[in-house]
Amino acid sequence: MTRGRRIQITTDDGTAEAYATGPATQDGPLPGVLLFMDAIGLRPRIEEMADRIADWGYAVLAPNVFYRHGTAADIAPTTDLRLPGEREKFFPTVMPLVASHTPDEAARDLPAYVAALAGQPDVDASVLGVTGYCMGARLALRAAAQLPDQVRAVGMFHGGGIVTDADDSPHLVVPRLHAEVVAGHADHDGSMPPEAIAAFDTALREAGVRATTAVYPGAPHGYTMADTSMYDEAATERHFTELRELFARALR
C-alpha cells in the first residue's frame, strides 16, 4: 500500500495530478526527485516505485503528464496487463497521447512540477534528480537540459525514441546537461536499437557528460513495470541499485 498522496498542480495548460511522497522517517531538507511515468500512466505501480525511491531519503513527485487528456483514472488500463495480449491491446489507446505530448508542452509543464515538489515539506529543490521510464526517459533527459543548474542526476530506463532523425531528437539536448546520466536499455528493443544506443553514447561522450549506459541482457522494453507482462525482476532490481547509487553520488 502506498503512503504518499495525490496532489493537484496548476500548470499553464490546466491542472495536473501528481503523486507526492517522501521517506517514512523524514529528516529534511530532502533533495527532490521527479519521476516521469511510462506510457501506461500514473497508477499504483508508479506510486510504489516512487515510495521505494523516497525511502532512500528523497522527496519524490510523479506527475500525470497526460493531464491534458484526462485524469489518471480516465487513462488507466481497465484490464490486467500481466495477462497474455492485454498490454498489446491497451497500447493503441495511449500511443496517440504519447505522440501528442510535445517537447514544448513538456517544457511548459516542468516549472510547475518543480514548484510543486519544492512546495512539499522540507524539500530542497535546488538539487534535483530525475528518473524516467519508457517515454519518461525522454522527459527526464529534456528536464535535465532545461534546468541544468538544478538537475544533478538523470536515470533513464527502457527508454525509447531517444535518438531519432528529427530536428528535435531528445539526444540533441545532451550538450546542455550538467548532470550525471545512468541509462539501462532494454535488450532487443525496437524503440532503442543498437545503432541508437551507440549514437546516444557518442553524444554523451562528445559532450563530456559523466555517464554509465548498459543494455540489460534479456530484459524487455518495460522491464520495471510489475503490473505488465514485460516485468523482469532481475533487471528491475539492477535498475534500483544503479539509480540509488547515482542519486547517492550526485544528490548528496
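If you count by our numbering, then the sequence shown holds residues 10 to 261, one letter each, in order.
Glycine included, C-beta positions come from ideal geometry on N, C-alpha and C.
Close-in-space but distant-in-sequence residues of the same chain around residue i (CB under 6 Å, 5 per side omitted)
| i | result |
| --- | --- |
| D118 | T20 |
| A228 | A195, D196, D241 and A244 |
| A220 | V190 and L213 |
| S200 | G169 and G170 |
| P32 | A63, D64 and G66 |
| P101 | none |
Between the CA atoms of residue j and residue i - distance to the nearest angstrom
| i | j | result |
| --- | --- | --- |
| I49 | I206 | 23 Å |
| P72 | F99 | 21 Å |
| A216 | D177 | 17 Å |
| D51 | C143 | This sequence places Leu at residue 51; Asp is not what is there. Each residue's Cα considered, the two are about 13 Å apart. |
| F256 | L150 | 15 Å |
| P105 | H78 | 10 Å |
| T34 | A127 | 18 Å |
| E254 | T80 | 33 Å |
| A63 | E95 | 30 Å |
| H180 | R247 | 24 Å |
| A125 | V218 | 28 Å |
| Y225 | V103 | 26 Å |
| D174 | A223 | 22 Å |
| P203 | H230 | 14 Å |
| E97 | M58 | 23 Å |
| F249 | D113 | 30 Å |
Close beta carbons around residue i, own chain, < 8 Å, minus the five adjacent residues each side
| i | result |
| --- | --- |
| A154 | V182, V183, R185 and L186 |
| R258 | A162 and E189 |
| T24 | Q17, I18 and Y76 |
| E56 | T11, G13, Y28, T30 and A71 |
Nearest candidate by alpha-carbon position, reference residue i, set the options
| i | options | result |
| --- | --- | --- |
| R36 | A235, D131 and R247 | It should be pointed out that residue 36 corresponds to Asp in this sequence rather than to Arg. That would be D131, whose Cα lies nearest to the Cα of D36. |
| R147 | V103, A192, D133 and A127 | A192 |
| R14 | V74, D60 and T34 | D60 |
| A115 | I62, S135, A33 and V74 | V74 |
| Q129 | P38, T222, F249 and V224 | P38 |
| R261 | M58, T102, A134 and E57 | A134 |
| Q159 | P120, V172 and A175 | P120 |
Residue j beta carbon less than 9 Å from that of residue i
| i | j | result |
| --- | --- | --- |
| E251 | G164 | yes |
| S238 | P93 | yes |
| F166 | Y232 | yes |
| L90 | D236 | yes |
| D22 | M234 | no |
Cutoff 7 Å; reference residue i; Cβ partners in own chain excluding five residues on either side
| i | result |
| --- | --- |
| V172 | S178, H180, A205, A208 and F209 |
If we count Cβ pairs, one from each stretch, closer than 8 Å, do we get three or more for the region 149-164 versus the region 78-92? no
Within 8 Å, do at least three Cβ pairs link the region 41-55 to the region 131-140? yes
Would the region 204-222 count as touching the region 25-36 if we require 3 or more Cβ pairs under 8 Å? no
Three or more C-beta pairs below 8 Å linking the region 56-68 and the region 104-113: no
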